[in-house]
Every structure is written in structure tokens, then in C-alpha cells.
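Once you know that position 85 of the sequence shown is 99 in the numbering used here, the rest is easy, because the numbers rise by one and skip nothing.
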Amino acid sequence: MLGMIVSLLQSNITVQATVYKDGFTYQKLPGRIKKKINGVSFHKNSSITYDDLRYVKVKYYNFNGKVKTGELIVNKKIAKKTVKIFYELFQIKYPIQRIRLVDEYQADDEKSMADNNTSSFNFRTVAGTNRLSKHALGLAIDINPRINPYINSKGVLTPGNGKIYKVRDVKKCKGKYARYMIQKNSQITKIFKKYGFSWGGDWKYSKDYQHFEM
Ligand SMILES: [Zn+2]
Numbered sequence: 015m016l017g018m019i020v021s022l023l024q025s026n027i028t029v030q031a032t033v034y035k036d037g038f039t040y041q042k043l044p045g046r047i048k049k050k051i052n053g054v055s056f057h058k059n060s061s062i063t064y065d066d067l068r069y070v071k072v073k074y075y076n077f078n079g080k081v082k083t084g085e086l087i088v089n090k091k092i093a094k095k096t097v098k099i100f101y102e103l104f105q106i107k108y109p110i111q112r113i114r115l116v117d118e119y120q121a122d123d124e125k126s127m128a129d130n131n132t133s134s135f136n137f138r139t140v141a142g143t144n145r146l147s148k149h150a151l152g153l154a155i156d157i158n159p160r161i162n163p164y165i166n167s168k169g170v171l172t173p174g175n176g177k178i179y180k181v182r183d184v185k186k187c188k189g190k191y192a193r194y195m196i197q198k199n200s201q202i203t204k205i206f207k208k209y210g211f212s213w214g215g216d217w218k219y220s221k222d223y224q225h226f227e228m
């Protein structure tokens, strides 16, 4: 009974959001979000708790140039940096197709990537290994993953529907959105690096063009 009352009280507490700029906020996970991610992108574990995570809202320009609102879950250590980065991207009208929680895809990374969805937190291992991904700690953000695929050291590319974007030379790539591909000298790469992130496109044995991590 007491447990029921406590959880009832907790779910009714309004979590205060920190506003960086209009439309760019972060806050502790609201009850509805905990409920949504529990057993989906979040699993009970010894590495990370709900309290280590923040629910982030940002505005962005989609591929049609329309202003949209996106939601992300990131580690509290990078919450402020995340809103600052996305604010800078918004200022330069950086095109992002969509920003939704990976839970909208049953936490299936392949599905989320195939939909070109930008996201961060997902309690999972690195594909093909039993090593925890930086995404499991909310310390990595994937941007437009279909057009910025991950190519492992054996040359296998994910998501499968991003194959055409294996060709990274804008002039040679036949993909419809080739001009939006992340390059070493792209503004987005410079912005993330300025805040201390490293870019998966710089990796030696594999390439993860969508991936920025702290
Ligand atoms: Zn990633």
C-alpha cells in the first residue's frame, strides 16, 4: 500500500526542465518517459540508472526545411552540451530527418537507423560483440544514420538500406541526400568536436559516420 502511494506521488511530481533556449531543454526523466523506456531501451543493470539520464528536447530543420521538435535521452554529463550543440545546428539550419526516441522502434537499432532516425540512449552492446556501447550510457549520438552508415572492419554496412551512402565522395555518391552526408570538414563535425566529442568517421578499422561520442 505504502509503495503504491509513493509511486503514485512520484508519478505526479512535475519534473522541472532546464531551459537553455526556447525549445531547447533538458530535465530528469519524467515518469511517463521512464514508463515508456522501461524494458524497451532501458533495462535494469549495474552501469546506469534513470538518475544518470536526462530527457532532452530540441528544435531542428527536417529535410523539407520545416522546423520540428525532437526528443532524445542522453547521459546527464552531456545534457547541457547536447542542447548547445543542437542549438548551434539549428542556427545553421542543419538538416536532420527526424529525432525520436529509439523506443518508437522497440529499441531496435537497425530499424531506427533504417528510418534515418537521430538518437542517443539505448542500453545495448556494440553490434556483433558483448561490449557495452557508448549508447548504453547515453554518451553517444547518431545523426542521420541511414545516410551516414556504420561500416565495420569487415566492410559490412548497417543499416542495409544505407548502402548507396558507402560512397562518401559527394560528387560520386548517387544517394538522394548525398549533400547531407557528414564529412570530416562538415560544420556538424566541427561543432561536435568543439564540445569534446570524437567522430566515428575518424576511426581506423571501422567507420561510423553517424556516430559522435564523449
Ligand atoms: Zn552510434
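Ideal Cβ positions, reconstructed from N, Cα and C, are used throughout, including at glycine.
Status (buried if at least 16 other CB within 10 Å, exposed otherwise) for residue i
i: A141; result: exposed
i: Q111; result: buried
i: G79; result: exposed
i: R193; result: exposed
i: V72; result: buried
i: S167; result: exposed
i: Q201; result: exposed
i: G215; result: buried
i: I92; result: buried
i: K42; result: buried
i: T203; result: buried
8 Å contact criterion, which residue i and residue j should meet: CB distance rounded
i: F135; j: H57; result: So it is not a contact: roughly 12 Å between Cβ atoms.
i: L115; j: E227; result: Rounded, the Cβ-Cβ distance is 19 Å, inconsistent with contact.
i: L86; j: S133; result: 6 Å
i: I51; j: I205; result: About 27 Å separates the two Cβ atoms, so there is no contact after all.
i: M195; j: I157; result: With 8 Å as the limit, M195 and I157 do not qualify as a contact, their Cβ atoms being about 10 Å apart.
i: K221; j: I155; result: Contact doesn't hold; Cβ gap of about 17 Å is too wide.
Local conformation of residue i per DSSP, three classes
i: K221; result: strand
i: I110; result: coil
i: F104; result: helix
i: S126; result: helix
i: T139; result: strand
For this session: Jot down the residue ranges of each uninterrupted beta strand (DSSP E) in the segment 151 to 219, minimum 3 residues, whole runs only, in chain order.
Result: The segment 151 to 219 contains these whole beta strand (DSSP E) runs: 154 to 156.
For this session: Ignoring anything shorter than 4 residues or poking outside the segment 20 to 91, list the alpha helix (DSSP H) runs there in chain order.
Result: Fully enclosed alpha helix (DSSP H) runs of 4 or longer: 45 to 51.
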